[in-house]
Amino acid sequence: MTSIAFIGMGAMGAPMAGNLLKAGFPVTVHNRTREREEPLAALGAARAASPAEAASQAVIVFTCVSDVPDVEEVICGPRGVLQGIQPGRLVVDMSTIGPKAARSIATCCREAGARFVDAPVSGGPLGAQQATLSIMAGGEAADLEEALPALRAMGKTIVHCGPVGTGQATKLVNQIVGACTFCAVAEGLTFSRAAGLDGAKTIEAVGGGAAGSWMMTNLAPRMLAHDFEGGFKVSLQAKDLRLVLAEADEMGLPLPITRLVIQLLTWLEDNGHGQHGTQSIIAAYEAIRGKEPQSKIGLEPGGAGGEAV
């Protein structure tokens, strides 16, 4: 089996690396917070003191960390992957960093004699645990082909989107649609509650029709229960939409709904929900209804919207 290094043992990376181990791959792990490596070591993973050390004997190096500076550090930094990787080896980044950063890191890899694929994922921590992730890959077809056996241990849907950066661009499409959808679900539930409807019955009725979605099935019950723990973090969703808007601004795209969603997410961050799951968006809608001053969000009943938060 191909020897693998996996950098980043967060809510996504840890179960993904665990699935590689379950599939029989020899895996070496590294995480900045070293104790997060311990559960993987208990499953049979080797541990490395740095990304460079992890990469030194690996045929494929996977990275899955939070943001652009983190990816740049673990791949291109002083103790990064490229300081230890052997010539011609493959780096696959599964973070969400946007197409521009992906192309920049690909150049860094190429200059160091390594190959690069951007392969961001969708499906959240549950998809990572169940190995049902959707993986959107950008890079050379031959490089993706080499990584496919390992990717199949982590995901169910794997699509080659085109050259480097297209995987990231496709992930941003996913983030636009997903974020707008969970806001629509929260907005519908807010209307349902104001109309005096039974929330559970509303979800059952609407979820079986054209408005049904993963968000309706998985997040709506948690919105009703105010179960905000777990799931994809608000802070990460907001980061992803800021990447979207940076790209959209360069393309001259208004994306009005996405811009409204980022207002709501920013309010959540400012009001203690940054580490909660995105189902906590219902708290912003409750604030709009009057449980918090409406001026904090900038939206009022009867209006088309307000100033950005």
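Positions in the sequence shown are counted from 1; adding 311 to them yields my numbering.
Just so it is clear, CB atoms sit at the ideal spot from N, CA and C, and this is done for glycine as well.
Any 3 or more C-beta pairs closer than 8 Å across the region 337-344 and the region 364-381: yes
Quick one: what's got a C-beta closer than 7 Å to GLY435's C-beta in the same chain, skipping five residues either side? For the purposes of this step, residue 435 is taken as the residue at position 124 of the sequence shown. Excluding positions up to five away in sequence, the list reads GLY542, PHE543.
Cutoff 8 Å: MET526 Cβ touching any chain D Cβ: No chain D appears in the structure shown, which is made up of a single protein chain.
Determine, using beta-carbon pairs with one atom in the region 327-337 and one in the region 385-392, whether at least three such pairs fall under 8 Å. no
Out of THR481, PHE427, ASN330, LEU437, point me to the one whose CA is closest to LEU455's CA. Start at 1 with the first residue of the sequence shown, and residue 455 comes out as number 144. Selected option, being the one with the closest Cα: PHE427.
Buried/exposed call for ARG400, threshold 16 Cβ in 10 Å: Taking the first residue of the sequence shown as 1, we reach residue 400 at position 89. With 16 or more other Cβ atoms within 10 Å, it is buried.
Rounded C-alpha distance that separates SER314 from LEU566: Residue 314 sits at position 3 when you count from the first residue of the sequence shown. Residue 566 sits at position 255 when you count from the first residue of the sequence shown. Whole-angstrom Cα-Cα distance: 43 Å.
Just to check my reading of the structure: GLY588 and GLU540 have Cβ atoms closer than 8 Å, yes? What is that Cβ distance to the nearest angstrom? By 1-based counting over the sequence shown, the position of residue 588 is 277. By 1-based counting over the sequence shown, the position of residue 540 is 229. Their Cβ separation, rounded to whole angstroms, is 7 Å, which keeps GLY588 and GLU540 in contact under 8 Å.
I believe LYS550 touches ASP378 by the beta-carbon criterion, under 8 Å. Please report the beta-carbon distance rounded to the nearest angstrom. Your numbering for residue 550 matches position 239 in the sequence shown. Your numbering for residue 378 matches position 67 in the sequence shown. Indeed, because the Cβ distance is near 6 Å, the residues count as touching under 8 Å.
Report yes or no: do three or more beta-carbon pairs, one from the region 519-531 and one from the region 484-493, lie closer than 8 Å? yes
Along the chain, where does the beta strand (DSSP E) containing CYS472 start, and where does it finish? Taking the sequence shown and counting its residues from 1, the one referred to as residue 472 is at position 161. Counting along the chain, the beta strand (DSSP E) containing CYS472 begins and ends at 466-473.
I want to know whether the region 491-505 touches the region 446-465 - three or more CB-CB distances under 8 Å. no
Enumerated in chain order, which unbroken segments of the beta strand (DSSP E) with a length of 3 residues or greater are wholly contained in the region 327-388? 338-341, 371-374
Provide the residue(s) that pair with LEU444 in DSSP beta bridges, ordered along the chain. Along the sequence shown, one-based indexing puts residue 444 at 133. Beta-bridge pairing links LEU444 to GLY466.
Starting from the C-beta of GLN536, find all residues in its chain whose C-beta is less than 8 Å away, skip the five residues before and the five after it, and write them out in chain order. Residue 536 sits at position 225 when you count from the first residue of the sequence shown. Note that residue 536 is Ala in the sequence shown, not Gln. Same-chain partners within the cutoff: there are none.
What residues in its chain sit with their C-beta under 6 Å from that of ILE469, if we drop five residues either side in the sequence? Numbered from 1 along the sequence shown, position 158 holds the residue referred to as residue 469. These residues qualify, in order along the chain: ILE446, LEU462.
For SER433, which three-state DSSP category applies? Stepping through the sequence shown from its first residue, residue 433 is reached at position 122. SER433: strand per DSSP, three-state reduction.
Which residues mark the beginning and the end of the beta strand (DSSP E) in which VAL484 is found? By 1-based counting over the sequence shown, the position of residue 484 is 173. Here VAL484 belongs to no beta strand (DSSP E); instead the alpha helix (DSSP H) covers 477-505.
Option in GLY473, SER433, GLY438, ALA439 with minimal Cα separation from GLU451: Taking the sequence shown and counting its residues from 1, the one referred to as residue 451 is at position 140. Selected option, being the one with the closest Cα: GLY473.
With the cut-off set at 8 Å, would you say GLY409 and CYS375 are in Cβ contact? As a working note, residue 409 is residue 98 in the sequence shown. As a working note, residue 375 is residue 64 in the sequence shown. No, the Cβ-Cβ distance between GLY409 and CYS375 is not below 8 Å.
Taking the DSSP output, what are the residues bridged to PHE427? Translated into positions along the sequence shown, residue 427 becomes position 116. PHE427 is bridged to VAL402.
Leaving out the 5 sequence neighbours to the left and right, which residues in its chain are closer than 7 Å to GLY355 when beta-carbon positions are compared? Counting from 1 along the sequence shown, the entry for residue 355 is found at position 44. For GLY355, where only same-chain residues beyond five positions count, the Cβ hits under 7 Å are LEU332.
Assign GLY519 to one of three DSSP states: helix, strand, or coil. Counting from 1 along the sequence shown, the entry for residue 519 is found at position 208. Residue state, collapsed to three classes: coil.
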